[in-house]
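So the sequence shown is numbered by this note's numbering: it starts at 2 and just counts up by one.
Here a beta-carbon is modelled for each residue, glycine too, at the ideal position from N, C-alpha and C.
If you're wondering where the values come from, they're calculated on a predicted model, not measured in any experiment.
Down below is the structure, laid out as structure tokens.
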Amino acid sequence: MNSRYFLLITVSIFFALIMALMPLPFSFEPFRPDWVLLVLMYWSLAVPHRLNIGTAWVVGLLIDLATGSPLGINSLTYSICIFVTASNFQKIRNFSIWQQAILVGLFLTLYHLMQFWLNHFLMDVYFNPQYLWPVVTGMLSWPWIFLLLRKYRRHFRIR
């Protein structure tokens, strides 16, 4: 049974990876939500014993390899965000979906600011307020992702 749960969670993360790498028109690119991080956050809240920091590290490394960003930036930032959500999953689960969306927005802000800081340190990148548009779109898409993945989890009885 454990391999079945692992496979079902992996399929959802794979679809999030496809959504993250799918080309968008240039004008919509700054607004792309962080699909992979949102899916990882959902699974760390729903079944924290199935998805851990190591999983976030590996998925972040895959994103680094796929996007060509410096190796380890997404791995580190995903791991920190998943650590924060997994360590507080009992508190976060008790909030309504909209309160969770606000918290997810804070976690996404943490993710983007850490990513900016690491990119600034490594590649001398300067801050642009457009870097935070995915926070807004991620907050707005959280209720839909939450409801979709909850239905998926209940349908396949992932525990």
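Asked	Found
Put Val-126 into one of helix, strand or coil per three-state DSSP.	coil
Compare the beta carbon distance of Gly-61 and Tyr-43 with 8 Å and say whether it is the shorter of the two.	no
What is the DSSP secondary structure of Gly-61, reduced to helix, strand or coil?	helix
Where does Ser-88 sit, in a helix, a strand or coil, going by DSSP?	helix
Cα separation between Ile-14 and Asn-95?	24 Å
Of the choices Leu-8, Leu-18, Cys-82, whose alpha-carbon is the least far from that of Ala-106?	Contrary to the premise, residue 106 reads as Gly rather than Ala in this sequence. Measuring from the Cα of Gly-106, the nearest candidate turns out to be Cys-82.
Counting along the chain, where does the alpha helix (DSSP H) carrying Phe-147 start and finish?	134-156
Starting from Phe-16, follow the alpha helix (DSSP H) in both directions and report where the run begins and ends.	3-22
Secondary structure at Gly-55, three-state DSSP: helix, strand or coil?	helix
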